[in-house]
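Q: Below you will find the structure I want to go over with you.
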Ligand SMILES: C[S@@+](CC[C@H](N)C(=O)[O-])C[C@H]1O[C@@H](n2cnc3c(N)ncnc32)[C@H](O)[C@@H]1O
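In my numbering, the protein residues as written are 46 to 239.
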């Protein structure tokens with residue numbers, strides 16, 4: 046059985062694209078799908094061993110497709126698989142890189158209000174790998190809807206140390222923050238120290 050997370054995201058993606066495609070005022074807009082922690086596009090369910098589609102392929106498998114699909118993962122094996130599986134689709138772009146960099150430098154600036162661009166972003170990190178600047182920049186564009194999987198496991202394990210001075214790249218427990226300092230992590234995480 047497909048997980049609730051995957052099922053709900055598929056429904057939301059399909060609904061978003063259906064509305065934008067079929068509404069008079071937005072039908073001419075160019076709407077894009079962005080999967081920033083895309084994974085390999087498939088999962089093996091622990092309990093049954095059954096293989097199910099992950100977020101990128103669910104987004105491709107909808108009645109009213111997006112104009113473009115941008116799939117990002119830092120793991121080269123996962124992006125190689127995604128590239129191979131989507132090689133015949135000219136509107137799919139796969140990036141093997143840190144999504145924070147690609148989103149901030151390339152994708153978010155391109156979703157321009159004045160050019161009738163709109164975007165649905167799926168941000169599905171396992172841990173605290175998402176830079177808060179991404180959320181801020183996306184919000185400022187006023188064209189981007191974000192579906193964020195707010196993973197609390199990594200926060201509980203690595204951030205809730207009640208000592209903000211420990212959150213640096215040099216500290217063992219700050220390692221997973223990828224060099225970001227206290228002021229650069231999401232305000233919701235900062236609350237954990239207050
Ligand atoms: C929870 S999984 C994604 C599952 C996928 N969204 C799905 O539903 O099938 C998180 C993914 O994020 C990737 N990842 C971790 N840090 C990253 C980063 N900084 N930039 C891009 N991808 C990253 C991992 O390689 C992993 O594949």
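Positions of the beta carbon are idealized from the N, C-alpha and C atoms, including for glycine.
Could you tell me the distance, in whole angstroms, from the CA atom of residue 114 to the CA atom of residue 92?
A: Their Cα atoms are separated by approximately 31 angstroms.
Q: Can you pull every residue whose C-beta falls closer than 5 angstroms to some heavy atom of ligand 1, listed in chain order?
A: That query returns the following residues: 82, 84, 99, 100, 118, 119, 120, 143, 144, 169, 171 and 174.
Q: Can you give me the start and stop residues for the alpha helix (DSSP H) that residue 53 sits inside?
A: Start and end: 49-67.
Q: Which same chain residues, not among the five before or five after residue 64, have their C-beta less than 7 angstroms away from its C-beta?
A: So the list is empty, once near-sequence residues are dropped.
Q: What are the boundary residues of the beta strand (DSSP E) that includes residue 102?
A: Where residue 102 is concerned, there is no enclosing beta strand (DSSP E), although the alpha helix (DSSP H) it sits in stretches over 100-105.
Q: Just how far apart, CA to CA, sit residue 212 and residue 173?
A: Caution applies to residue 212, whose pLDDT of 49 falls short of 50 and renders its modelled position unreliable; the model cannot decide the point.
Q: Can you tell me whether residue 86 is helix, strand or coil according to DSSP?
A: DSSP places residue 86 in coil when its eight states are reduced to three.
Q: For residue 101, count neighbouring C-beta atoms within 10 Å of its own C-beta (all shown protein chains included) and say buried if the count is 16 or more, exposed if not.
A: Flag for residue 101 reads buried.
Q: Let me make sure I understand the geometry here. Which of 178, 119, 129 and 54 has the alpha-carbon closest to that of residue 150?
A: Out of 178, 119, 129 and 54, 178 has the C-alpha closest to the C-alpha of residue 150.
Q: Can you grab the Cα-Cα spacing for the pair residue 170 / residue 67, in whole Å?
A: Using only the alpha carbons, I get a separation of about 31 angstroms.
Q: Is there contact between the region 135-152 and the region 46-60, where contact requires at least three CB pairs shorter than 8 angstroms?
A: These segments do not touch.
Q: State the CB to CB distance for the pair residue 118 and residue 82, rounded to an integer number of angstroms; the pair is presumed to be in contact (CB under 8 angstroms).
A: With a Cβ gap of about 7 angstroms, residue 118 and residue 82 count as contacting.
Q: Measure from the alpha carbon of residue 163 to the alpha carbon of each residue in 110, 50, 74 and 144, then state which is nearest.
A: Selected option, being the one with the closest Cα: 74.
Q: What does a CB cutoff of less than 7 angstroms around residue 112 pick up in its chain, not counting 5 residues either side in sequence?
A: Cβ within range, chain order: 75, 76, 77 and 136.
Q: Straight-line CA distance for residue 97 to residue 88?
A: About 5 angstroms.
Q: My output table needs one value for residue 162: the three-state DSSP class, helix, strand or coil.
A: In the structure shown, residue 162 sits in a strand (DSSP, three-state: E or B).
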